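Top to bottom, those sequences are chains A and B. The numbers in my numbering rise by one with no breaks, and the one at position 275 of the first sequence is 275. Position in the second sequence (from 1) plus 1000 gives the number in my numbering. For glycine and all other residues, C-beta sits at the position ideal for the given N, C-alpha and C. Keep in mind the model is a prediction, meaning the values are calculated, not measured. The structure appears right after this line, and notes come after that.
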Amino acid sequence: MQNVNAINSDFIEQEPKVNYLTNGFTLKSWLLTKDHKRIAIMYLITVSAFFMIGGLYAATIRLELLTPQSDLLETGTYNKVFTQHGVIMVFLFLIPVIPAILGNFLLPIMIGAKDLALPRINLLSLYVYWIGGALIMYALMQGGVDTGWTFYTPYSTTFSNTYVMAVGLGVFINGFSSILTGLNFIVTVHTMRAPGMTWFRLPLFVWANYATALVMILGTPVIAITILLLALERLGKVGIFDPAIGGDPILFQHLFWFYSHPAVYIMILPSMGVVSELISNFSRKKIFGYEFIAFSSIAIAVFGFLVWGHHMFVSGQSIYAGLVFSFLTMVVAIPSAIKMFNWAATLYKGSISYDTPMLYAIGFMGLFLIGGLTGLFLGSMGLTVHLTDTYFIVAHFHYVMVGGTVLGYMGGLHYWWSKMTGKMYSEFWGKISAMLVFVGFNLTFFPQFILGYQGMPRRYASYAEELQVLNIFSTAGASVLGLGLVMPLIYLTHSLIFGKKAPANPWMLPGLEWRIPSPPPTENFESTPIVTWEAYDFSEENGLDLDEARRRDLAATV
Amino acid sequence: MQSNSWVPLFPEQASTFAWQVDYLYFYLILVSVAFSIPIVLAIFYFFVKYREKEKYATPDEIHGSIVLETTWSIIPFVVSMTIFLGGAVIYYNQYRMPAEAMEIYVVGKQWMWKFQHSTGQREINELHVPVGRKVKLTMTTEDVLHDLFIPAFRTKADVVPGRYTSLWFEATKPGKYHLYCAEYCGLNHSGMGGWVYVMPQDEFDNWLAGGGGSNQTPVEAGKELFMNKLGCASCHAAGSGQRGPNLTGVFGTDQKLTTGQSVRADEEYIRNSILNPTGQIVEGYQPIMPTFKGQVTEEQLVSLVAYIKSLSGNAGNTGSMTTPATTGSSSNSNIANTTVPTIPKADRGNTNSGLSSNPNAPSQTTEQTNRQR
């Protein structure tokens, strides 16, 4: 059985095969597909488009903040710009990006399945995402929304006369996309694993997506309920959150953060999964402490539900509630620390190659380290009283969301690009852009920690004169970061047409996804694979024909 | 620590919290550096030392180590507990209100801060406080959430519609410091700020004496509302046989409710009892009081609370050393005689039409007679 799935048998004979991309060229063959890979590609295109729109908003924000006065934009416009930056990035980019693109494409392949357990539901999730996204875009074009992505009441229910309900409905609908994806992943991991693919042979990317799926199906309904209540109050004038009609604004914050804190883990957990893959595969070394990394994902998913109150230390909740939330926040930091240590230990005595995905993984470790440690600053109540609602918190969550999620995603996208498209991207430009992103990111956001401690509040269109120097650094960094993120758009697109054809297994790695052709056939596997190896086993006994690969490389250089 | 360097790193330290928060901050930076250096060095060292020397090499497997996993779980946990405790102690100091403090009432509205001292002075977007005295701000808002933030004092608190939140500080250094709104509140959020002026006590007394538009103290204004304008005294004045409880000496005590629970009669309770009188009925009374919701502004509510507090001899600290506001409970007995039995609701509406405005419609709100205490 091993031989059937061995590398060389595939990449030599893959030519005549029809793959999932060549299997039908009509629009209908895409729009009505049940193939998880095609759905992933459609997600890739849409999510990338939203990422670009969100990025343009970010660029606008940084340009406005170049000077202390509110001069580039009217204050009201600025308020809409940062709100829409947040809404698009959080709901349309960060939440779906890794599960819906990389997870969708790879999760079935990594466990040896033909597709997700519920292919139609998978397609439905894409359509739901499109409808939600379209509604949000419609609202933005009609005039936008200015409540901040947090929609705090009573501003959002009684005072804002922008398109709150349209955006709210978009987020509401979009949530069902997450729920459907999460449901699908859980069912798939439980029922579709290939023979021999035991739970502890699962790649850690699968564990991470499984943990994410748990959070998605348990947390997302709460935001749906919250938005319904918000609509009930805004449209029906039922007093739920606005004290003027008998409601409680703090209730909204509890409900909102009960989802939105776990949502942070929806964003970061899959990225941690990607990084676990990258670190292990590019040092050709079994991941250190597999079980600890796997269970730390689950621990984060569980404890992540118990810490929402740390967003509300200054909101007027009781001191004692604050103490409990602060304590639990410290507890939830431990699993993240465990992952960090295990990744570092994995490198020990490895055989590390410096390919683009690995550079992104190392960048992730650096930025997530800072993001995580500054999380401790904010979990410490006495300090948070000073720091919350300032640029310190802006810097912190960008270190986690961009430094964590985006770098992990970029690493994963480069890593699996050859598998997804059948083409190799330019390694040279890949490395340049990875380094630009790292440098530009730090230059953008590190000064914001200092600005925050200085007391520059977030969501300010104008600020005190003495803070301009640091803001100039930040805007300069944003330009570098922007350049670093536009470059992949160019060279990855370029590779689709001009890129070298990708072998089935460019790096000679043992994962199931590398044992099938690039791009994979529609059914993924000719016959159901039988898994006889542990995850991250790089030895030749594991079916990796390393001699053949060396010959291949030699032939390529001649 | 001065903020006038080219790139300012820290705001000025101007309150008793400032050094505590800063020390905690330094401790956390120290912890962060202490954790980062070994990890980053290890990653770099491994990254260079174990770089790929031969393609497709197969290094020996290392499965993991329980000892290491335990170590790097327990050490961060212990360290994080020190961070938790340090933060908790400081938080407790920041948010547990001192018993004796000079009180200032704050009403936020889109997009300004209105302050009133207990001597009656009002300020907008400026707050004058004396150095070396505990100052307590009792805050609410007419519209949306706001957040009063003074970076130099290292403290802030959300200001929530429909309830009172409080903040206290003791300034340590005379000067002029930024005052911000830190909770997004709409169009001109970034313009909702001003300055805090910390002055030596004698200068502050001069400032207080020098006007600032003082007419009535909050207690006096509240008394006027209580006795005349709102007619509260008709049911709540001293003397037996009244429909409502006599409010003398009530503030700060525990009240037993008809539900069997008991509640502390604090600012929040008084406010709720005015706006939602049937919500928490004290044992022995009937739920007959009509609501005053929509008929009193936030600023009038603040005055009423101040007055009812003063009935318990809790005159508060006026800020000035020279003009203590003591409006005793003795003064209400004569008014009790002039009681109108029950003011029909419609009448009351008329009587107060000039005073009442929807606290949630800020654009219509005119500056009312009083705010405060």
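For residue i, which three-state DSSP category applies?
i	result
A:Gln84	helix
A:Lys37	helix
A:Ala294	helix
A:Met456	coil
B:Ile1029	helix
B:Lys1049	helix
B:Glu1100	coil
B:Lys1229	helix
A:Trp507	coil
B:Ile1124	strand
A:Met424	strand
A:Arg120	helix
A:Ile250	helix
B:Leu1009	coil
B:Asn1332	With a pLDDT of 38 at B:Asn1332, under the threshold of 50, the predicted position of this residue should be treated as unreliable, though the coordinate-derived value follows. The answer is helix: DSSP assigns B:Asn1332 an H, G or I state.
B:Ser1262	strand
Find the residues of chain A that neighbour residue i, judging by a C-beta separation of less than 8 Å, and give them in chain order.
i	result
B:Lys1053	Ser351
B:Arg1163	Pro243, Gly316
B:Trp1072	Ala337, Ile338, Phe341
B:Arg1154	Val385, His386
B:Cys1185	Tyr155
What do you get for residue i, buried or exposed, if any count of 16 or more other CB atoms within 10 angstroms of its CB means buried?
i	result
A:Ala556	exposed
B:Trp1019	exposed
A:Phe498	exposed
B:Glu1298	buried
A:Lys80	buried
B:Glu1142	buried
A:Trp199	exposed
A:Ala134	exposed
B:Ala1101	buried
A:Ala208	buried
A:Phe377	buried
A:Ala294	buried
A:Gly247	buried
Mind listing the chain B neighbours of residue i? Cutoff is C-beta to C-beta under 9 Å, in chain order.
i	result
A:Arg284	Glu1052, Tyr1056, Ala1057, Thr1058, Pro1059
A:Ala476	Within 9 Å Cβ-Cβ: nothing; A:Ala476 doesn't reach chain B, min ~14 Å.
A:Ser297	By Cβ distance, chain B contributes nothing, its closest Cβ being about 15 Å from A:Ser297, past 9 Å.
Just reading off the beta strand (DSSP E) that residue i is part of, what are its end residues?
i	result
B:Trp1113	1112 to 1117
A:Asp545	Where A:Asp545 is concerned, there is no enclosing beta strand (DSSP E), given that its DSSP letter is neither H nor E.
B:Gln1255	1254 to 1256
B:Thr1141	1134 to 1141
A:Trp533	Careful: A:Trp533 lies outside any beta strand (DSSP E) and carries neither H nor E.
B:Val1198	1193 to 1199
B:Glu1298	Looking at the DSSP string, B:Glu1298 is not in any beta strand (DSSP E); the run it does join, the alpha helix (DSSP H), is 1298 to 1310.
B:Phe1149	1146 to 1150
B:Pro1167	Looking at the sequence provided, one finds Leu at residue 1167 of chain B rather than Pro. Element bounds for B:Leu1167: 1165 to 1170.
B:Leu1179	1175 to 1181
If the cut is a Cβ gap below 7 Å, which residues of chain A does residue i touch?
i	result
B:Asn1206	What B:Asn1206 touches in chain A: nothing, since even the nearest Cβ is about 29 Å away.
B:Asn1188	Thr75
What residues of chain B sit near residue i, judged by a beta carbon separation below 8 Å?
i	result
A:Val90	By Cβ distance, chain B contributes nothing, its closest Cβ being about 16 Å from A:Val90, past 8 Å.
Quick one: give me the first and last residue of the alpha helix (DSSP H) that residue i is part of.
i	result
A:Phe487	Residue identity differs from the one stated: residue 487 of chain A is Met in this sequence, not Phe. Run containing A:Met487: 468 to 498, per the alpha helix (DSSP H) assignment.
B:Thr1071	1066 to 1095
B:Arg1271	1267 to 1275
B:Glu1220	1218 to 1224
For the ligand HEM, is there a heavy atom less than 7 Å away from the beta-carbon of residue i?
i	result
A:Asn524	The model on display carries no ligand, and the ligand HEM is accordingly not part of it.
Identify the contact partners of residue i in chain B, using a Cβ-Cβ distance below 7 Å as the criterion.
i	result
A:Phe288	Ile1062, Gly1064
A:Asn471	Chain B residues near A:Asn471: none, gap ~11 Å exceeds 7 Å.
A:Leu347	Ile1043, Phe1046, Phe1047, Tyr1050
What in chain A is Cβ-close to residue i, meaning under 9 Å?
i	result
B:Arg1096	Ile319
B:Gln1020	Gly382
Does the beta carbon of residue i sit closer than 8 Å to a beta carbon anywhere in chain D?
i	result
B:Glu1170	Among the chains of the structure shown, chain D does not appear; the protein chains present are A and B.
Could I get the ranges of all uninterrupted alpha helix (DSSP H) runs contained in the segment 189 to 225 of chain A, with 4 residues as the minimum, in chain order?
Counting whole runs of 4 or more residues, the segment 189 to 225 of chain A contains no alpha helix (DSSP H) stretch at all.
In chain order, what are the residue ranges of uninterrupted beta strand (DSSP E) at least 3 long that sit wholly in the segment 55 to 106 of chain A?
Those beta strand (DSSP E) runs which fall completely within the segment 55 to 106 of chain A and span 3+ residues do not exist here.
Where are the beta strand (DSSP E) runs, 3 residues long or more, that stay fully inside the segment 266 to 344 of chain A, in chain order?
Given a length threshold of 3 residues, the segment 266 to 344 of chain A has no whole run of the beta strand (DSSP E) inside it.
At 3 residues or longer, what runs of the beta strand (DSSP E) sit wholly inside the segment 358 to 420 of chain A?
You should have found no qualifying run.
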